[in-house]
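In the UniProt record's numbering, the protein residues as written are 1 to 290.
Dropping the structure here:
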């Protein structure tokens, strides 16, 4: 019997690291277009994922189903459950736009991303990651990639205020190995890596891991190769009706972590913020209206 509180997507995520190469290829194909990918015939699903029909049969059994019909039956139950609540269904986020307008479709996708991501996060693991990041005795390194460098910069800017002893690793630069010269055992690396996974980021993680550093990874639902080196991984759903992936769920976790770390170090953070505000006043960086 499967756990009724879990979605099929949840169960696939749990099993990802224990699947064969072909089964993992199938799983990622299902997640890519979930839930529509599982509604067609078994042979169509196998063809779309470029795997054999027996591979599909084996994987659904690994997920806890007797066969593909049981798998599809539960998937349809998920869809029926989501369709309940006609009043809520009638209301849209942008009320002036039709429900099929991109404003509403994109918002629906992002909210689904948040719900599915939070449903898979272990609160204890999140608290552990925050404690690692908050520990000023550990040097904190923060690294992102071609797109995710914006998330890394945002996180770094806040950590600069909250705590000392940190480095923003410019992983897209050819000089990034210089940043690792001072990395030592039990330092902390916060790494952002989503598809298309970057070779520089993986190599950085490999060197950090070899030096005994702790790695906290923010990635997508398919998981960066850095996942195999990370002490704690947060898999964020990023699918949206766009040519670009959505960073909303990842930003939600980043801002939540900022808040948690701030609270863990509040006395020191408050003092640092007061000093920073004094410097802002001296430099007249911001306008004052009083």
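All C-beta atoms, glycine included, are put in the ideal place defined by N, C-alpha and C.
Practice problem: Taking only runs that begin and end inside the segment 191-226, name each unbroken alpha helix (DSSP H) of 4 or more residues, in chain order. | Solution: For the segment 191-226, whole alpha helix (DSSP H) runs of length 4 or above, ordered along the chain, are 199-210.
Exercise. Excluding the 5 residues preceding and the 5 following residue 198 in the sequence, name in chain order all residues of the same chain whose CB lies nearer than 6 Å to its CB.
Key: As a working mapping, residue 198 is identified with position 198 in the chain shown. Cβ within range, chain order: 145.
Practice problem: Assign residue 76 to one of two classes, buried (16 or more other C-beta atoms within 10 Å of its C-beta) or exposed (fewer than that). | Solution: Against the chain shown, residue 76 aligns to sequence position 76. Its Cβ having fewer than 16 others within 10 Å, residue 76 is exposed.
Quiz prompt | Length at least 3, wholly inside the segment 123-186: the beta strand (DSSP E) runs in chain order | solution = With a minimum length of 3 residues, the continuous beta strand (DSSP E) runs that stay inside the segment 123-186 are 140-143 and 166-169.
Self-check item: Spatial distance of residue 266 from residue 43 (CA atoms)
Solution: Taking the chain shown and counting its residues from 1, the one referred to as residue 266 is at position 266. Taking the chain shown and counting its residues from 1, the one referred to as residue 43 is at position 43. Looking at the two C-alpha atoms, the distance is approximately 57 Å.
Quiz item: If you drop the 5 nearest sequence neighbours on each side, which residues of the same chain put their C-beta closer than 8 Å to that of residue 10?
Solution: Looking up residue 10 in the chain shown gives position 10. Shown here for residue 10: same chain residues with a beta carbon closer than 8 Å to its own, the five before and five after excluded, namely 116, 119 and 120 in chain order.
Self-check item: For residue 248 and residue 113, believed in contact at Cβ under 8 Å, the rounded distance
Solution: Mapped onto the chain shown, residue 113 falls at position 113. Mapped onto the chain shown, residue 248 falls at position 248. With a Cβ gap of about 7 Å, residue 113 and residue 248 count as contacting.
Quiz item: Does DSSP classify residue 106 as helix, strand or coil?
Solution: The residue you call residue 106 lines up with position 106 of the chain shown. Shown here, residue 106 sits in a helix according to DSSP, grouped into three states.
Quiz prompt | Reference residue 48; option with closest CA among 27, 180, 203 and 240 | solution = Walking along the chain shown from the start, residue 48 turns up at place 48. For the residues 27, 180, 203 and 240, the minimum Cα distance to residue 48 belongs to 27.
Quiz item: Could you check where the beta strand (DSSP E) with residue 260 kicks off and where it finishes?
Solution: Residue 260 sits at position 260 when you count from the first residue of the chain shown. Boundaries for residue 260: no beta strand (DSSP E) harbours it, while the alpha helix (DSSP H) harbouring it runs 248-264, taken from the DSSP string.
Practice problem: Sort out for me which residues DSSP pairs residue 7 with in a bridge. | Solution: Reading the chain shown from its first residue, position 7 is the one you call residue 7. DSSP links residue 7 through a beta bridge to no other residue.
Quiz item: What number of angstroms, rounded off, separates the C-alpha of residue 276 from the C-alpha of residue 46?
Solution: Within the chain shown, residue 276 is the residue found at index 276, counting from 1. Within the chain shown, residue 46 is the residue found at index 46, counting from 1. The alpha-carbon atoms of residue 276 and residue 46 are separated by roughly 58 Å.
Quiz prompt | Closest Cα partner of residue 152 within the set 159, 142, 161 and 106 | solution = Numbered from its first residue, the chain shown carries residue 152 at position 152. Nearest of 159, 142, 161 and 106 to residue 152, Cα basis: 142.
Self-check item: Touching by the beta-carbon criterion (3+ pairs, under 8 Å), the segment 238-255 and the segment 127-135
Solution: The segment 238-255, when compared against the segment 127-135, does not touch it at the 8 Å Cβ threshold.
Quiz prompt | From 107, 111 and 148, residue whose alpha carbon lies closest to that of residue 220 | solution = Position 220 of the chain shown, counting from 1, holds the residue named residue 220. With distances taken between CA atoms, residue 220 lies nearest to 148 out of 107, 111 and 148.
Quiz prompt | Per-residue DSSP class, three states only, for residue 286 | solution = In the chain shown, residue 286 corresponds to position 286, counting from 1. Per DSSP, reduced to three states, the secondary structure at residue 286 is coil, with no helix or strand assignment.
Exercise. Could you tell me whether the Cβ atoms of residue 193 and residue 156 are closer together than 9 Å?
Key: Sequence index remark: in the chain shown, residue 193 carries index 193 (1-based). Sequence index remark: in the chain shown, residue 156 carries index 156 (1-based). For residue 193 and residue 156, no; Cβs fall outside 9 Å.
Quiz item: Terminal residues of the continuous beta strand (DSSP E) containing residue 235?
Solution: Numbered from 1 along the chain shown, position 235 holds the residue referred to as residue 235. Residues 232-236.
Quiz item: If you scan the UniProt domain "HTH rpiR-type" (6-82) from start to end, which runs of the alpha helix (DSSP H) of 4 or more residues do you find wholly inside it?
Solution: Those alpha helix (DSSP H) runs which fall completely within the UniProt domain "HTH rpiR-type" (6-82) and span 4+ residues are 8-15, 21-32, 42-49 and 53-62.
Quiz item: Can you name, in chain order, every residue of its own chain whose Cβ lies under 8 Å from the Cβ of residue 257, other than the five neighbours on each side?
Solution: Taking the chain shown and counting its residues from 1, one reaches residue 257 at position 257. These residues qualify, in order along the chain: 126, 129, 130, 133 and 155.
Exercise. Measure the C-alpha to C-alpha separation of residue 262 and residue 165 and round it to an integer number of angstroms.
Key: As a first step, residue 262 must be located in the chain shown, where it is residue number 262. As a first step, residue 165 must be located in the chain shown, where it is residue number 165. Their Cα atoms are separated by approximately 15 Å.
Exercise. Mind checking who residue 189 pairs with in its DSSP beta bridge?
Key: Here residue 189 refers to the residue found at position 189 when the chain shown is read from its first residue. Answer by DSSP bridge pairing, in chain order: 141 and 215.
Self-check item: Under the three-state DSSP convention, the category residue 118 falls into
Solution: Counted from its first residue, the chain shown places residue 118 at position 118. Per DSSP, reduced to three states, the secondary structure at residue 118 is helical.
Quiz item: So, residue 161 versus residue 24, is the Cβ gap smaller than 9 Å?
Solution: In the chain shown, residue 161 corresponds to position 161, counting from 1. In the chain shown, residue 24 corresponds to position 24, counting from 1. Taking 9 Å as the Cβ cut-off, residue 161 and residue 24 do not qualify as a contacting pair.
Self-check item: Expected contact under 8 Å - CB spacing of residue 214 and residue 188 to nearest Å
Solution: Here residue 214 refers to the residue found at position 214 when the chain shown is read from its first residue. Here residue 188 refers to the residue found at position 188 when the chain shown is read from its first residue. At roughly 5 Å, the Cβ-Cβ gap stays under 8 Å, so residue 214 and residue 188 are in contact.
Quiz prompt | residue 207 versus residue 180 - alpha carbon distance | solution = By one-based count along the chain shown, residue 207 stands at place 207. By one-based count along the chain shown, residue 180 stands at place 180. Each residue's alpha carbon lies about 8 Å from the other.
Quiz item: Does DSSP classify residue 239 as helix, strand or coil?
Solution: As a first step, residue 239 is located in the chain shown; it is residue number 239 there, counting from the start. In the structure shown, residue 239 sits in coil (DSSP, three-state: anything other than H, G, I, E or B).
Quiz item: Run through DSSP, which three-state label would residue 89 get?
Solution: Start at 1 with the first residue of the chain shown, and residue 89 comes out as number 89. Any reading at residue 89 must be qualified, since the residue scores a pLDDT of 46, below 50, and its modelled position is unreliable; the value itself is stated next. Secondary structure at residue 89: helix, using DSSP grouped into helix, strand and coil.
Self-check item: Local conformation of residue 100 per DSSP, three classes
Solution: The residue labelled residue 100 in the question sits at position 100 within the chain shown. In this structure, residue 100 counts as coil in the three-state DSSP scheme.
Quiz prompt | Presumed contact (8 Å Cβ cut-off) between residue 205 and residue 226, rounded CB distance | solution = Taking the chain shown and counting its residues from 1, the one referred to as residue 205 is at position 205. Taking the chain shown and counting its residues from 1, the one referred to as residue 226 is at position 226. Contact check for residue 205 and residue 226: beta-carbon distance about 4 Å, within the 8 Å limit, so the pair qualifies.
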